[in-house]
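Heads up, the thing below is written out as C-alpha cells.
Numbering (UniProt numbering), first residue to last: 1 to 83.
As C-alpha cells, then:
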C-alpha cells in the first residue's frame with residue numbers, strides 16, 4: 001500500500017501545482033487584486049474566446065483530478081491505519 005500512497009501523493013503534488021498555474025492564467029473579472037496589477041486596463045474583448053473556454057475546461061478537469069486524489073488518499077489512510 002505504500003507504493004499506492006506515494007503515487008497518489010506525487011499525483012496530488014503535480015496536480016496542485018498545475019491547478020495553481022491554471023487558476024493564475026485566468027483573466028480577471030475586475031474589482032479585485034487583478035485590477036491592482038493592471039488587469040482592469042485591458043478590457044477590449046468582452047466575449048469569451050475559445051482559448052478561455054479551453055482554459056476553463058482544463059481547470060475543471062485538473063480540479064476534479066485533484067479532488068479525486070485527495071479522496072483516494074483519505075481512503076487509503078483510513079483503511080491502512082485501522083487500529
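For every residue, glycine included, the Cβ atom is placed at its ideal position computed from N, Cα and C.
- In the structure shown, residue 63 adopts helical secondary structure according to DSSP, grouped into three states.
- Residue burial annotation: residue 61 is exposed, with fewer than 16 other C-beta atoms found within 10 angstroms of its C-beta.
- Pairing residue 55 with residue 7, the inter-Cα distance amounts to about 26 Å.
- Of the candidates 79, 11, 4, 23, 23 places its Cα closest to the Cα of residue 57.
- Take the alpha-carbon of residue 18 and the one of residue 2: they are about 24 Å apart.
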